[in-house]
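Each remark here refers to the structure printed beneath this line.
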Amino acid sequence: MKLALTSVLAISVLALSACSIPTAPRAVSSLDTLLPHPTGRSSATLVKSGPGVSLGVVYSPSTQTNREYLRGYQANAGTGFGQSLLVQSIHDAYVASSKPDMAVDWVNASLQRQFGSVTVYPDMQSLRAAKPDVVAIVDTHSQLITSRSSDIKADVSADFYDAQLSYIATAKGSAARELTPLWADFKRSEEIVADINQQQDVQTSALKKFDQSLNNVLKPAVNTVSMLQNN
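Quick note, the sequence shown lines up with residues -20 to -1, 1 to 211 if you use mature numbering (1 follows the signal peptide of the UniProt record, and there is no 0).
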């Protein structure tokens, strides 16, 4: 009886508190905002990389919106009516699985492993003035659990351009998962926490797919030492 009461209480409070959690922003293409004029296609089919290549990065407007959405998601997790009754583990799971900078930090680390220098610029004007060898526009989007939906989705991409801003290729990763509503079937708090934690699993899966895609669009760096030894 005590277990059933605890489960019902957790579900009831979860449903009430989730009403204050913001819904995900609509996924839109924001590249037109950064590159309002049509860009040509580069003659290169792969992105030049290696220790001697500089990469300039700009986050798309939707990436900035997505980070704000995740910050709001964390801030509102477990707030509202019944906050004092919310199981702490559920609140903690909401916060731990909605890290605002997880995607951009991961992508930045992946790019740093492939290029000699990676610099993030606040806008395209600053990037153009710096004249890096390669340009990347990073776009991320997340859809997390709300009181209306338990569908989870994560998308991340990087569009690469040459120094003249001609398009070369895109690296991308996506993942999605459909869950039963958190407050359905009288779930125990442990089950609810396990479901919420899948949000981070989905984001990690999308980022791993991004890394695989990134490897496919990069041109391997020429090992000049090996070439000299062979000669």
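Built from N, CA and C at the ideal position, the CB exists for glycine as well. Computed from a predicted model, the values in this text were never measured in an experiment.
Contact set for residue i: own chain, Cβ-Cβ below 6 Å, skip 5 residues either direction
i	result
Ala131	A small correction: the amino acid at residue 131 is Asp; Ala does not occupy that position in the sequence shown. Within the same chain, Asp131 has close Cβ partners Glu158.
Pro80	Arg47, Leu50, Arg51
Asp139	Ile117, Thr150
Phe95	Ser29, Val33, Leu35
Collapsed DSSP secondary structure at residue i in the structure displayed
i	result
Pro41	helix
Pro200	coil
Arg21	strand
Ile125	coil
Leu107	helix
Val67	coil
Ala89	helix
Tyr101	coil
Residue burial classification, residue i (beta-carbon count within 10 angstroms, cutoff 16)
i	result
Thr160	exposed
residue 215	Because the chain in this structure spans residues -20 to 211, residue 215 falls outside the shown range and cannot be described.
Thr43	buried
Asn46	buried
Ala156	exposed
Gln179	buried
C-alpha distance - residue i paired with residue j, whole-angstrom precision
i	j	result
Leu26	Thr120	22 Å
Lys111	Pro102	14 Å
Arg108	Gln68	48 Å
Gln123	Leu194	23 Å
Val84	Val100	11 Å
Ala73	Ser127	15 Å
Gln54	Ser97	32 Å
Gly20	Leu145	8 Å
Ser106	Ser22	22 Å
Ala76	Asn177	8 Å
Asp175	Ser129	13 Å
Pick from the options that is closest to residue i, judged by C-alpha positions
i	options	result
Ser34	Ile148, Val197, Ala143, Glu171	Ala143
Closer than 8 Å: residue i CB and nearest the ligand FMN heavy atom
i	result
Met104	Absence of the ligand FMN is noted for the structure shown, with no ligands found whatsoever.
8 Å Cβ shell around residue i - same chain, five flanking residues per side excluded
i	result
Val197	Leu26, Val27, Phe140, Ile148, Ala149, Thr150, Ala151
Gln192	Gly153
Cut-off 7 Å between Cβ atoms - residues of its own chain near residue i, not counting five sequence neighbours on either side
i	result
Lys86	For the sequence presented, residue 86 should be read as Trp rather than Lys. Cβ neighbours of Trp86 beyond the five flanking positions: Leu187.
Ser185	Ala155
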